[in-house]
Every structure is written in structure tokens, then in C-alpha cells.
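Heads up: the protein sequence lines correspond to chains W and R, in order.
Per this note's numbering, the very first residue in the first sequence carries number 1; after that it's consecutive.
Per this note's numbering, the very first residue in the second sequence carries number 1001; after that it's consecutive.
The beta carbon of each residue, even a glycine, is placed where N, CA and C say it ideally should be.
Predicted model, so just to flag it, every value in this text is computed and none were measured.
Protein chains: 2
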Amino acid sequence: MTISTDTKDKLLDAAQLMIQTRGYNAFSYADLAKIVKIRKPSIHYHYPAKVDLGIAVTRRYRDNFLHCLTEIDKLQSSWLDKLYDYANLYKEVLSVNRICLCAALATDIHTLPRKLQTEIRSFFNDNVDWLTSLIPNKRKETARMIISTLQGGMILAKSHNEIDWFTAIVQELIAKLSPTANGHTYK
Amino acid sequence: MTISTDTKDKLLDAAQLMIQTRGYNAFSYADLAKIVKIRKPSIHYHYPAKVDLGIAVTRRYRDNFLHCLTEIDKLQSSWLDKLYDYANLYKEVLSVNRICLCAALATDIHTLPRKLQTEIRSFFNDNVDWLTSLIPNKRKETARMIISTLQGGMILAKSHNEIDWFTAIVQELIAKLSPTANGHTYK
DNA sequence: GTCTATAGGTGGATAGAC
DNA sequence: GTCTATCCACCTATAGAC
């Protein structure tokens, strides 16, 4: 393959950054042009409409996330340790001053085209399914509660510029999920 | 006082609706003009800039919420019952297909003027303080965890149009906070 | 307090040269 | 693949009549 996809990737990176830090409706092709250092109309060559870009970003984000989940699956550790690893995926996002891409999109979901809405819901459903099979009670309701806490925790922590709050929230959550896990240290 | 504040209130209602369902950056004065049935420039008479409207909406929302908290305080019930009442405040918002105004604003917080950012953080801080004094362990970290779960739960439930998910998430949360509370029925 | 008219800017998107 | 030039719709906001 000799076709360079470099600009395409840079555009995805820039769009993802903007959505995670400012929201889908608060960035424009002009913003991306400035970041990637090409002119505005050139973006349309790679992604004809803003929706196309939104869908591509979300699909890549979901694929990356799913790949991380399979990596956690390979580990020989307890479900609780894997839950820590899972929470750390979120923490890595927060540590670069972003919230989850799909949480950022979810708050504005009714302003988005249907195809993108579907992609967002798939991300959450994938995560619910993975967590459901991880936890001892195998209940989707518990999995949804865990995801809600992590997503809400990111929004709270980021909006106050207090990343450490998230760490404490995760610790609270895990303590409640496994009252005997107090010996664990989550950093 | 003979000055009618009717239009002012209608504008606040309309702006609040738009922010909670579509986000701050996805609505315009044209949208409000259509809802309130006046012309676009008339809105500027009441709220010169969009920011002024945003601040007024957030302040009113916060005041209303705080008033509800003092109403809960007056009740002669257990902290757990009061926590149910608190969760029900969120559920009422969700039942009309909205998320929390301040969660909707918080995801886009870095696109907003500083004065509005402060107002949003105050809402969360008020809630953390109230919850901290409600719960037995009196820890802000636990209070933040509870708020995160409720806010994240609303976003998850609303983005999937599955309001019942929120009810289940609250039940999971309360079960973890008080393992002996299984007899409670939360609807 | 609400209106018409309009300014000045930016949004996403297209045409066509190179 | 990237550019210049340009379109039209929409944005927030102002001026000034009624």
C-alpha cells in the first residue's frame, strides 16, 4: 500500500481531541485545519461531511477500546484486578484532560445523525457486555452502574480540573463492590 | 411590581430545555424565538448575550435544586430514605427526557465563559456538601462517587432511551451503600 | 418590550485549478 | 491531495422605529 493515510490519521486525532475536550458541536473544520496545518476544504477530500469524520473517530475509538479489553482478558489476574485495569483505561483518558469520547457525544446525542447515535450506543453496549462477564454476579445492571460511576466521575473530575477526585471515586466504587478489598492500592 | 417577567421566564424555560436535551453549543436564539414566539432580537432585550442567559438558567436551576434539598432535610426519615428522595430528583429530570443541566454544561465546560464555569462547579460543590452531611461516613469522596453514578447513569439511560436503566442503577448503588437495604423498593 | 432591518462573522460544503 | 475562491445558510449582536 503506497497511499499515505497520514493526513487522515492526523484529522482523526485532531477531531477526537476536540470532541473529548470541547464537544461535537463546538468544533469546526477551521479548528482542524489549524491543528493539522492544511486548508479547510482539503479536509473534505478525506471526510466529505463532518458526520463522516464523527463516525470514523467513534469507530476507531471503539476498536481501540475493545482491543484494550482483550488485552486485559489475557492477564492471569482476579476479576478485581481486571476491574482496576479497566478503570485505568478511563484514568489514562482523564490524565490528558479529556473525558470519554462517547460520553462527550452521548450528552449531545439528539443533535447527531442516526448512524453516529448507533455507533455511540454500541460502544456502551460492548462495555456493558464485557463488564457483565467480568463481575461475579454477571448482572448487566451492576455493569451499567460501574460504567455510570466511571463516566460520571470523569465528567466531575475534569470539569473541576481535579483529576485526583477520579482516583478516589474509583476507590470508593471498588470498596463497595468488594468490601474485603480494602488492602488494594489504586493509584 | 408591575413589570411582567413572563417572557424572561419563558426564555429561561426554553433555554434550559435546549441545554438539557441538545447542549449549550447546539441551540441558538432562533430556536428560542420559535419556542417563545417572539422575534430573535427581542431576546437580547432580556438577555443581552447568550452567556447572560446561560448564567441565569444555571443559577435558577441551582436555586431550585437547593430548595429541593432543604425540603428533603425537613423530612423525618432515615438517611437512606433521603438518598432515595435525592435520586428521585434526578429521575424526575430523566423522566421528561433530559439530563442534569450541569452535567450537560460540564462536558462542554472549556467552551464556556469563566463566570458560567464557576456557576456549574458551585452546583456540584453544593451537592457534594449536602450529600456529605447526609451519609454516615461523612466523606466527600463517597459523596462524589454517588453523584458520579447518578450523573453517569442519566447520560447512559437517556442516550439509549432506556429510562428504566437509571432505576436499576440507583438500586445497585444503594444496595452497595447499604447491603442490608435489600428490602427497600425503589420505583 | 417587541419589532424590522441589517451588520459582521463563521458554519459546512462545492467547483475547479494545479 | 491540496489549494484558492466562493456559496449560502446560520450565528450573535446592534440600531433605531413603533
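Limits of the unbroken alpha helix (DSSP H) element including residue i
i: R/E1071; result: K1050 to K1074
i: R/D1013; result: D1006 to R1022
i: W/P136; result: Unbroken run through W/P136: none, as it is neither H nor E.
i: W/Y45; result: K40 to H46
i: R/K1034; result: Y1029 to V1036
Rounded straight-line distance, which links the Cα of residue j to that of residue i
i: R/R1062; j: W/L105; result: 24 angstroms
i: W/Q16; j: W/T70; result: 22 angstroms
i: R/K1140; j: R/D1129; result: 7 angstroms
i: R/H1110; j: R/L1131; result: 26 angstroms
i: W/K50; j: R/S1159; result: 21 angstroms
i: R/S1178; j: R/W1165; result: 20 angstroms
i: R/L1083; j: R/L1089; result: 10 angstroms
i: W/T180; j: W/G152; result: 25 angstroms
i: W/S28; j: W/A103; result: 19 angstroms
i: W/F123; j: R/K1037; result: 39 angstroms
i: W/Y86; j: R/L1066; result: 35 angstroms
i: R/I1043; j: W/C68; result: 49 angstroms
i: W/D52; j: W/L32; result: 14 angstroms
i: W/W79; j: R/D1108; result: 34 angstroms
i: R/C1100; j: R/Q1020; result: 6 angstroms
i: W/T142; j: R/I1169; result: 7 angstroms
i: R/R1098; j: W/L112; result: 16 angstroms
i: W/A14; j: W/T167; result: 27 angstroms
i: R/K1008; j: W/L134; result: 51 angstroms
i: R/P1048; j: W/I35; result: 33 angstroms
i: W/A163; j: R/I1146; result: The question names Ala, but residue 163 of chain W in the sequence shown is Ile. Those two C-alpha atoms are separated by around 17 angstroms.
i: W/D81; j: R/G1054; result: 43 angstroms
i: W/R121; j: W/M18; result: 20 angstroms
i: R/M1154; j: W/S77; result: 32 angstroms
i: W/V96; j: R/P1136; result: 34 angstroms
Buried or exposed (CB count within 10 angstroms, at least 16 for buried), residue i
i: W/L224; result: This structure cannot settle anything about residue 224 of chain W, because the visible part of chain W is limited to 1 through 187.
i: W/N161; result: exposed
i: W/T5; result: exposed
i: R/E1092; result: exposed
i: W/K138; result: exposed
i: R/Q1117; result: buried
i: R/S1148; result: buried
i: W/D73; result: exposed
i: R/Q1171; result: buried
i: R/K1040; result: exposed
i: R/R1114; result: exposed
i: W/A30; result: exposed
i: W/L75; result: exposed
i: W/K176; result: buried
i: R/N1125; result: exposed
i: R/V1057; result: buried
Beta-carbon separation (whole angstroms), residue i vs residue j, contact threshold 8 angstroms
i: R/L1011; j: R/H1046; result: 6 angstroms
i: W/R22; j: W/E119; result: Not quite, the Cβ-Cβ distance comes to about 19 angstroms (not below 8 angstroms), so this is no contact.
i: W/N25; j: R/N1025; result: 4 angstroms
i: W/L156; j: R/R1144; result: 6 angstroms
- Which ranges does the alpha helix (DSSP H) cover as unbroken runs of at least 4 residues, wholly within the segment 95–178 of chain W, from first to last along the chain? 101–107, 114–134, 140–159 and 163–177
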